[in-house]
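Chemist: Read top to bottom, the protein sequences are chains U and L.
No gaps in the numbering here: position 476 of the first sequence is 498 in the working numbering, and each next residue is one more.
No gaps in the numbering here: position 61 of the second sequence is 63 in the working numbering, and each next residue is one more.
Where is the CB? At the ideal position from N, CA and C, for every residue including glycine.
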Amino acid sequence: MENIVFLAFRRMRRPLITLVLTYAIAVLGLTLIPGMDADGNPWHMDFFHAFYFISFTATTIGFGEIPYEFTDGQRLWVVCSLYALVVVWFYAIGNLLSLVQDRSFQQAVTERRFTRRIRHLREHFYLVCGYGETGSALVHSLTDRHQHAVVIDIDPNRVSALRLDNLREFVPALCGDARRPLHLLEAGLDHPLCQGVVALTNDNEANLKIALTSKLLHPDIKVICRADSHDVEKNMLSFGTDYIVDPYDTFATHLSIALYAPGLYVLQEWLAGKHHQALTEPLYPPSEGHWIICGFGRFGQAVDKRLRQEGLQPVVVEATPDITGVPEGTLVTGRGTEADTLREADIETAVGLVAGTNDDANNLSIIMTARALNPDLFIVARQNLQENDSIFQAVDAQVVMHPSSIIANRIRVLLGTPMLYEFMSLAMHQDDTWACELVSRITAILDDELPEVWEQVISESEAWAVSQSIESGQVVTLGDLLRNPQEREHRLACIPLLMLREGAWITLPEEETHLKLEDRILFCGRHLASRRMSWTLQNGHALSYVQTGEARPQGWIWRLLQRRKQGQGSVDE
Amino acid sequence: MNPEKVVFGFFIVLALTLNFGFVMGEMDNPAHHHVYELFAVVVVNLIATVLKFGDRTQMGAVLLATSLVADLQLLAAVLVWAMAEHVTGSGLTPSVMASIVSLTGGAVLANVISVVLLVIETVMLRR
Numbered sequence: 023m024e025n026i027v028f029l030a031f032r033r034m035r036r037p038l039i040t041l042v043l044t045y046a047i048a049v050l051g052l053t054l055i056p057g058m059d060a061d062g063n064p065w066h067m068d069f070f071h072a073f074y075f076i077s078f079t080a081t082t083i084g085f086g087e088i089p090y091e092f093t094d095g096q097r098l099w100v101v102c103s104l105y106a107l108v109v110v111w112f113y114a115i116g117n118l119l120s121l122v123q124d125r126s127f128q129q130a131v132t133e134r135r136f137t138r139r140i141r142h143l144r145e146h147f148y149l150v151c152g153y154g155e156t157g158s159a160l161v162h163s164l165t166d167r168h169q170h171a172v173v174i175d176i177d178p179n180r181v182s183a184l185r186l187d188n189l190r191e192f193v194p195a196l197c198g199d200a201r202r203p204l205h206l207l208e209a210g211l212d213h214p215l216c217q218g219v220v221a222l223t224n225d226n227e228a229n230l231k232i233a234l235t236s237k238l239l240h241p242d243i244k245v246i247c248r249a250d251s252h253d254v255e256k257n258m259l260s261f262g263t264d265y266i267v268d269p270y271d272t273f274a275t276h277l278s279i280a281l282y283a284p285g286l287y288v289l290q291e292w293l294a295g296k297h298h299q300a301l302t303e304p305l306y307p308p309s310e311g312h313w314i315i316c317g318f319g320r321f322g323q324a325v326d327k328r329l330r331q332e333g334l335q336p337v338v339v340e341a342t343p344d345i346t347g348v349p350e351g352t353l354v355t356g357r358g359t360e361a362d363t364l365r366e367a368d369i370e371t372a373v374g375l376v377a378g379t380n381d382d383a384n385n386l387s388i389i390m391t392a393r394a395l396n397p398d399l400f401i402v403a404r405q406n407l408q409e410n411d412s413i414f415q416a417v418d419a420q421v422v423m424h425p426s427s428i429i430a431n432r433i434r435v436l437l438g439t440p441m442l443y444e445f446m447s448l449a450m451h452q453d454d455t456w457a458c459e460l461v462s463r464i465t466a467i468l469d470d471e472l473p474e475v476w477e478q479v480i481s482e483s484e485a486w487a488v489s490q491s492i493e494s495g496q497v498v499t500l501g502d503l504l505r506n507p508q509e510r511e512h513r514l515a516c517i518p519l520l521m522l523r524e525g526a527w528i529t530l531p532e533e534e535t536h537l538k539l540e541d542r543i544l545f546c547g548r549h550l551a552s553r554r555m556s557w558t559l560q561n562g563h564a565l566s567y568v569q570t571g572e573a574r575p576q577g578w579i580w581r582l583l584q585r586r587k588q589g590q591g592s593v594d595e
Numbered sequence: 003m004n005p006e007k008v009v010f011g012f013f014i015v016l017a018l019t020l021n022f023g024f025v026m027g028e029m030d031n032p033a034h035h036h037v038y039e040l041f042a043v044v045v046v047n048l049i050a051t052v053l054k055f056g057d058r059t060q061m062g063a064v065l066l067a068t069s070l071v072a073d074l075q076l077l078a079a080v081l082v083w084a085m086a087e088h089v090t091g092s093g094l095t096p097s098v099m100a101s102i103v104s105l106t107g108g109a110v111l112a113n114v115i116s117v118v119l120l121v122i123e124t125v126m127l128r129r
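(1) Quick one: is MET441 of chain U buried, meaning 16 or more other Cβ sit within 10 Å of its Cβ, or exposed?
(2) Between which two residues does the beta strand (DSSP E) holding TYR148 of chain U run?
(3) Residues of chain U with a CB under 7 Å from the CB of ALA84 of chain L: which are they?
(4) Rounded C-beta distance between GLY218 of chain U and ILE140 of chain U? I'm assuming under 8 Å.
(5) Starting from the N-terminal side, write out each stretch of the alpha helix (DSSP H) that is 4 residues or longer and does not extend beyond the stretch 24-105 of chain U.
(6) Using a cut-off of 7 Å between C-beta atoms, extract the partners of VAL45 of chain L located in chain U.
(7) Taking 8 Å as the threshold, find out whether the stretch 407-416 of chain U comes into contact with the stretch 194-214 of chain U through three or more Cβ pairs.
(8) Give a yes or no on whether 9 Å exceeds the smallest Cβ distance from ILE102 of chain L to chain U.
(9) State buried or exposed for GLN323 of chain U, treating a residue as buried only when at least 16 other CB atoms are found within 10 Å of its CB.
(10) Hey, how far is the Cα of ARG167 of chain U from the Cα of PHE400 of chain U?
(11) Judging by CA-CA distance, which residue of U:VAL498, U:VAL110, U:ASP469 and U:PHE31 is the nearest neighbour of ARG548 of chain U?
(12) For a contact defined as C-beta to C-beta under 7 Å, what are the partners of GLY93 of chain L on chain U?
(13) Select from U:GLU524, U:VAL173, U:LEU519 and U:HIS536 the residue whose C-alpha is nearest the C-alpha of LEU530 of chain U.
(14) Confirm, please, whether the CB-CB distance from PRO269 of chain U to ILE428 of chain U is below 9 Å.
(15) For CYS516 of chain U, write down the residues that DSSP places opposite it in a beta bridge.
(16) How about THR355 of chain U and PRO343 of chain U: are their beta carbons less than 9 Å apart?
(17) Contact between the stretch 121-128 of chain U and the stretch 149-169 of chain U: three or more CB pairs below 8 Å?
(18) Looking only at its own chain, which residues have a Cβ that is under 6 Å from the Cβ of ALA72 of chain U, when we skip the five neighbours before and after it?
(19) Threshold first: 3 residues or longer. Then list the beta strand (DSSP E) segments lying entirely within the stretch 455-487 of chain U, N to C.
(20) Could one say the Cβ of LEU111 of chain L lies closer than 9 Å to chain U's Cβ atoms, at least one of them?
(21) If you draw a straight line from the C-alpha of THR272 of chain U to the C-alpha of ALA249 of chain U, how long is it?
(22) I need the DSSP call for GLY218 of chain U, collapsed to helix, strand or coil.
(23) Using a beta-carbon distance below 9 Å, is LEU29 of chain U in contact with chain L?
(24) Do you know how far the Cα of ALA171 of chain U is from the Cα of THR165 of chain U?
(25) Taking only beta carbons into account, state which residues of the stretch 198-211 of chain U come closer than 8 Å to chain L, listed in chain order.
(26) Would you decide whether ALA383 of chain U is buried or exposed? Buried here means 16 or more other CB atoms lie within 10 Å of its CB.
(27) Tell me which same chain residues have a C-beta within less than 7 Å of the C-beta of SER494 of chain U, skipping the five on either side of it?
(28) With a CB to CB cut of under 6 Å and the five nearest residues on each side skipped, what residues in its chain are close to LEU18 of chain L?
(29) Check TYR265 of chain U in the structure and name its three-state DSSP category.
(30) Measuring CA to CA, which of U:HIS162, U:GLY116 and U:PRO89 is closest to ASP61 of chain U?
(31) Rounded to the nearest angstrom, what separates HIS295 of chain U and ALA280 of chain U at their Cα positions?
(32) Mind checking if GLU39 of chain L is an interface residue toward chain U, Cβ cutoff 9 Å exclusive?
(33) Using three-state DSSP, classify MET521 of chain U as helix, strand or coil.
(34) Whose CA, out of L:LEU111, L:PRO96, L:VAL89 and L:GLY91, lies closest to the CA of GLN75 of chain L?
(35) For the stretch 3-20 of chain L against the stretch 539-557 of chain U, are there 3 or more C-beta pairs whose distance is under 8 Å?
(36) Using a Cβ-Cβ cut-off of 6 Å (strictly less than) and excluding sequence neighbours within five positions of MET29 of chain L, which residues of its own chain qualify?
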């Protein structure tokens, strides 16, 4: 990149020197050729006027013969130098302009500007490589929560698409190859505020290279990778990639949770959902009976495996089993878009259908055909492209799964609230009644929007009053934080979900728990509750009010007065 | 022999010699400092500057810097001259001449540094 700038300067040499020389000769000539002033006396033009005259002649402006009318000798010289100057001027200007328009030069300038912008970032940010379906969904959900991101993509169209996207925060984007360490560095890989690298390109090798580069150049940041094959996953794990997301496995797990633990599914959807979204109703899919899976690609295979683990015997409909492989169970050859194949797969007796091909039009067609044959089906639709959102909503399937947004959401949770990710993993080991109970507890405190989830650490900067109180030996319980600092009898609309203390995880910590310094607590609840709670956390008076119910006098004088009053009281006694 | 180096060296040395020649003479005497000579100094200095564009080395950067300094000094001298002759109409009084010569004298120093650097570079290449 630096080379380009130097090369540009080097290429400017010839036009500039030509320009300087032609000007010099023309100016010199004008001063040497004798002229005549208004009275007919011999007169020589001076350098000042000569330069003035040549300057406006060269740019073809032409103010006339200044300061006196020229003699024929002067005119002869001016005619010659005029043609030379105009030609040279256009040659030099044209050369400079073509240099500026040069593509590699432009790219160098953009990169330099981008690098400078990244260097001046003053907020924590994540580096997202690849702005495809998943990448854009991730950037959208990050910026919706006011987190910052920097994007690299190899495709200039996607980079310009990003500029048109209506994002809440400014997202700098570089059009470049993320496999090249130079581009990763330019995008801020070694920036001290870079929190993590997310490799979401559709090329396994590229993701691998990005993970490797990031781990070597900035070892203590989080690296999250997408990998489609187990081979690459193992390779990435071997050098310490923090999280690896396999879209198909993730999706299949998601589906099986929806089928077998509806409570847990709702819990996940709520906690990881977007802000200000309406609450979703729990689903109760049939977990027994005859299921049909259309499409046996990587996605269908993952679903099939998962359903088999749960004890179902799904029938697979696949058009090209010789390419995708043959399933363990029954196979019906065909696309599933026509009634014959679906009938062959016993659609009339089926309870559920998974439309899981990699073509949205086919999936929709499968759903429409199947509905006509059996209106009571529970339908799971796979949506491949974001742009088909509206038609998937219109087809009204019970579950629409968009792998890109599922992965994006998962990564967003990982990056934004790592404790929530841990909570979800811990919740997977609980049974569904536990989840249903928690869901009903959450429902009780919410109005009709999804809960907000936030992490709170008990530290000097995040909870000044509480940490002071603990340091002075007083006891602060978790229950104290849950009281409303305006009216201590009331409780704040939030629930503590998880606590991290000295490396140990405590799910749903008790209210009587005594807080310690450096405890981390994950809360979910209304947005208002988080703001109220920060009063208790930071303000000593609010804290003592929620603990004792007394409003302590705040100023120095009032405190003095109260102390005297107390002193007198004790004397009276 | 590299023709590029010849042209390069030629202009840098010529810039110094012309500049020196202009400064020579009594400082405040207009008869000792000819306007054509100043014109030649400005043109040659500009060319020398352009020739120094696009050199990646540290030496190239310093050479370019000295040339820019010389240009700046000469430009100031030319402006003073033009102002005295055409704007204020005071003509070339000894004090004006002295300030023109002292400005170009500064440019001489910058050009001397240029030439010294050039010589150092050449010597280092020899070794």
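Modeler: So, from the data block:
(1) Locating residue 441 of chain U in the first sequence gives position 419, where the first residue counts as 1. When all chains shown are included, MET441 of chain U counts as buried.
(2) Walking along the first sequence from the start, residue 148 of chain U turns up at place 126. Note, TYR148 of chain U: beta strand (DSSP E), 147-151.
(3) Your numbering for residue 84 of chain L matches position 82 in the second sequence. Under the 7 Å cutoff, chain U gives PHE70.
(4) Looking up residue 218 of chain U in the first sequence gives position 196. Looking up residue 140 of chain U in the first sequence gives position 118. Not confirmed; about 15 Å, so no contact.
(5) 24-54 and 69-80
(6) Counted from its first residue, the second sequence places residue 45 of chain L at position 43. Chain U residues near VAL45 of chain L: VAL42 and ALA46.
(7) no
(8) Locating residue 102 of chain L in the second sequence gives position 100, where the first residue counts as 1. So, not an interface residue.
(9) The count along the first sequence starts at 1 and reaches residue 323 of chain U at position 301. It counts as buried.
(10) Within the first sequence, residue 167 of chain U is the residue found at index 145, counting from 1. Within the first sequence, residue 400 of chain U is the residue found at index 378, counting from 1. Those two C-alpha atoms are separated by around 33 Å.
(11) Taking the first sequence and counting its residues from 1, one reaches residue 548 of chain U at position 526. Here the closest residue by C-alpha is U:ASP469.
(12) What you label residue 93 of chain L is simply residue 91 of the second sequence in a count that begins at 1. Here the premise fails: no neighbours, minimum Cβ distance about 12 Å.
(13) On the first sequence, position 508 is the one that residue 530 of chain U refers to. Out of U:GLU524, U:VAL173, U:LEU519 and U:HIS536, U:LEU519 has the C-alpha closest to the C-alpha of LEU530 of chain U.
(14) To locate residue 428 of chain U, count along the first sequence from 1; it is residue 406. To locate residue 269 of chain U, count along the first sequence from 1; it is residue 247. Closer than 9 Å, so yes.
(15) Here the question's residue 516 of chain U lines up with position 494 in the first sequence. BP columns for CYS516 of chain U point to U:GLY547.
(16) Here residue 355 of chain U corresponds to residue number 333 of the first sequence, with the count starting at 1. Here residue 343 of chain U corresponds to residue number 321 of the first sequence, with the count starting at 1. Yes, Cβ-Cβ distance for THR355 of chain U and PRO343 of chain U is below 9 Å.
(17) no
(18) Residue mapping note: residue 72 of chain U aligns to position 50 of the first sequence, counting from 1. So the qualifying residues of the chain are VAL49, LEU52 and THR53.
(19) 474-479
(20) The residue given as residue 111 of chain L occupies position 109 in the second sequence. Taking Cβ atoms only, chain U never reaches closer than 9 Å to LEU111 of chain L, which makes this a no.
(21) Counting from one through the first sequence, the residue named residue 272 of chain U turns up at place 250. Counting from one through the first sequence, the residue named residue 249 of chain U turns up at place 227. Near 11 Å, if we compare the C-alpha coordinates of ALA249 of chain U and THR272 of chain U.
(22) Against the first sequence, residue 218 of chain U aligns to sequence position 196. Note: GLY218 of chain U maps to strand in three-state DSSP.
(23) Residue numbering aside, residue 29 of chain U sits at position 7 when the first sequence is read from its first letter. Closer than 9 Å: yes.
(24) Locating residue 165 of chain U in the first sequence gives position 143, counting from the first residue. Locating residue 171 of chain U in the first sequence gives position 149, counting from the first residue. Cα-Cα distance, rounded: 8 Å.
(25) none
(26) Locating residue 383 of chain U in the first sequence gives position 361, counting from the first residue. Exposed, since its Cβ has fewer than 16 Cβ neighbours within 10 Å.
(27) As a first step, residue 494 of chain U must be located in the first sequence, where it is residue number 472. Nothing meets the Cβ criterion.
(28) Here the question's residue 18 of chain L lines up with position 16 in the second sequence. Once the five neighbours on either side are set aside, the close Cβ partners of LEU18 of chain L are ASN113 and VAL117.
(29) Taking the first sequence and counting its residues from 1, the one referred to as residue 265 of chain U is at position 243. In the structure shown, TYR265 of chain U sits in a strand (DSSP, three-state: E or B).
(30) As a working note, residue 61 of chain U is residue 39 in the first sequence. Considering only alpha carbons, the answer is U:PRO89.
(31) Position 273 of the first sequence, counted from the first residue, corresponds to residue 295 of chain U. Position 258 of the first sequence, counted from the first residue, corresponds to residue 280 of chain U. Checking the sequence, you will find Gly at residue 295 of chain U rather than His. When rounded, the distance between both Cα atoms is 15 Å.
(32) By 1-based counting over the second sequence, the position of residue 39 of chain L is 37. No, no contact with chain U.
(33) In the first sequence, the residue the question calls residue 521 of chain U occupies position 499. MET521 of chain U falls in the strand class under three-state DSSP.
(34) For this step, residue 75 of chain L is matched to residue 73 along the second sequence. Among L:LEU111, L:PRO96, L:VAL89 and L:GLY91, the Cα nearest to that of GLN75 of chain L belongs to L:LEU111.
(35) no
(36) Numbered from its first residue, the second sequence carries residue 29 of chain L at position 27. Only ALA100 and VAL103 meet the Cβ criterion.
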